[in-house]
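K.L.:
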Amino acid sequence: MTEATKIGVRTAQPVDWMSIARRYGAWLLLAAAFAVLPKIFASGIAHTMMSLMGIMIVFALSYNMLLGETGLLSFGHAVYYGLGGFLAAHAMNTLAREALPVPVFLIPLVGGFSGLLFGIVFGSVSTRRGGTAFAMISLGLGELVASSSLILRSFFGGEEGISTNRTKLFRVFDLNFGPQLQVYYLIAAWCLICMIAMYALTRTPFGRMCNAVRDNPERAQFVGYNPYVVRFIAFSLAGLFAGIAGGLAAINFELVNASVVGAGQSTTVLLAAYIGGIGNFIGPVIGAVLVTYLQVMLSDVTEIWQLYVGLLFIAMVMFAPGGIAGLIFMHEPLWHAGAYRALFGRLIPAYLLALIPGLMALAGLILVIEMTFRLMVKASEGTRMSFVSVPLDAAAPVPWIVAAVLLVGGLYLFRRTWPFVADAWQHAHAEMQQARRSAA
């Protein structure tokens, strides 16, 4: 026996850097990306858009705690986002008026505790039932709060809402959060914290019980867990993070009005979560980024941008229920099996082949929609319009012929590429099985 063993001293174990990298590497890369992105996209519009994306990421992930993790379809999740924003705005005004030493970066906690409080109050009623009953109760509660926002003017501020000024709060390190860049880093920091916290929740036994209640509440109750308690806790925690997102929105906009508690805001977060994919943690993040980008950029291109978001949602529900993340992660077994030749040599080229006629059909559909909108809604402004910077006359036959050729021809060619994609999938799975047998 060695001397160290005799005196009971434990010898030092070597540090497993690979395990640390696998566990924390993704979060460190995400933090680095949050820090570097404003340097790459340095315009004010980019900073504003990234701030909105950060807020929507927290909001969409909080909704995913209900729908994706616990199976609760809510039509009133904006209630906790909006009430958190209102109370955060009132807190900011009170702190500025009383000159209390509370900095801006603690304000999201006010929104979070507000969302948690109302989540407990409303959740004690709505989570007693699941499925359709819960969805209808959440819709009723959402409409109740939305209608109250125009009645209780002393709290909600009526149609004008509640305005505030983040620069009047107590300063730390001489940061007044006047520039949008400072606000972005505040939102990014809270976004990272909330993402880590919500991901950690999904890895706990409670997160697994949420999945069990989602999949089979009767069996979860049979093994000794109360589905109502699980749904109630998940609902309250979702309200907490939605309230944090509302507090961040109050800081970013310096204005909170009745629209943040309405059905429109609840619909937006539902679209973001479902388009991105509720089956994966990264799905709502992808959906939040995409929907926010479409809201900001597509609204400058066309007046009917919401129609295209709705069509995208319908397409995802019909053809890709797992969302964008589901489409991405369906290739994960090929990657882990080492079927790189099939993935990059066959599958991706087949996708690119199908993408070209798909884009043709999409361009034809958009052209038909835009010309129809011009003739039916904007007829008083004339029939002249532009499509991707190309001037045309919506009343002339040539643009309609071009649109029909693009739409019908693109769909036909897209349909003809399906056998190539199916054949590439068969070869990819065959190579995957061969790689697994070789590894075994």
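If you're matching positions, the sequence shown starts at 12 in the working numbering and goes up one per residue.
Yeah, the Cβ is synthetic: ideal placement off N, Cα and C, and Gly gets one too.
Since this is a predicted model, take the numbers as computed values, not measurements.
1) Quick check on this structure: which residue in Glu229, Ala44, Met371 has the alpha carbon closest to the alpha carbon of Gly421?
2) If you follow the alpha helix (DSSP H) that Phe264 is in, where does it begin and where does it stop?
3) Please list the terminal residues of the continuous alpha helix (DSSP H) segment that includes Arg395.
4) What are the residues that DSSP puts in a beta bridge with Val183?
5) Buried or exposed, going by whether 16 or more other CB atoms sit within 10 Å of the CB of Phe246?
6) By DSSP, does Val388 sit in helix, in strand, or in coil?
7) Compute the Euclidean distance between the alpha carbons of Leu152 and Gly87, then round it to the nearest angstrom.
8) At what residues does the alpha helix (DSSP H) containing Leu422 begin and finish?
9) How about Phe243 and Thr383: do their beta carbons lie closer than 7 Å?
10) Would you identify the three-state DSSP class for Ile173, choosing helix, strand or coil?
11) Report buried or exposed for Val312, applying the criterion of at least 16 other Cβ atoms within 10 angstroms of its Cβ.
12) What residue range is occupied by the uninterrupted beta strand (DSSP E) comprising Leu403?
13) State the Cα-Cα distance for the pair Val113 and Val320, rounded to the nearest angstrom.
14) In three-state terms, what does DSSP make of Ala44?
15) To the nearest angstrom, how far is it from the Cα of Ala200 to the Cα of Ala146?
16) Using a 10 Å radius around the Cβ and a threshold of 16 neighbouring Cβ atoms, would you call Pro402 buried or exposed?
17) Need the endpoints of the alpha helix (DSSP H) that Gly93 sits in, please.
18) Gly369 and Phe425: beta carbons closer than 7 Å?
P.N.:
Based on what the coordinates show:
1) Nearest C-alpha to Gly421: Met371.
2) That run of the alpha helix (DSSP H) goes 238-264.
3) Looking at the DSSP string, Arg395 is not in any alpha helix (DSSP H); the run it does join, the beta strand (DSSP E), is 395-398.
4) Per DSSP, Leu186.
5) The C-beta of Phe246 has 16 or more other C-beta atoms within 10 Å across all chains shown, which makes the residue buried.
6) In the three-state reduction of the DSSP assignment, Val388 falls in the coil class.
7) When the Cα atoms are used, Leu152 and Gly87 turn out to be separated by approximately 7 Å.
8) That run of the alpha helix (DSSP H) goes 408-427.
9) Taking 7 Å as the Cβ cut-off, Phe243 and Thr383 do not qualify as a contacting pair.
10) In this structure, Ile173 counts as strand in the three-state DSSP scheme.
11) Residue environment for Val312: exposed (fewer than 16 other C-beta atoms within 10 angstroms of its C-beta).
12) Per DSSP, Leu403 belongs to the beta strand (DSSP E) from 401-404.
13) Their backbone Cα atoms lie some 40 Å apart in a straight line.
14) Annotated three-state conformation of Ala44 is helix, per DSSP.
15) Answer to the nearest angstrom: the Cα atoms are 32 Å apart.
16) Pro402 should be labelled exposed.
17) In the DSSP annotation of this structure, the continuous segment of the alpha helix (DSSP H) that includes Gly93 starts and ends at 89-109.
18) With contacts defined as CB atoms closer than 7 Å, Gly369 and Phe425 qualify as a contacting pair.
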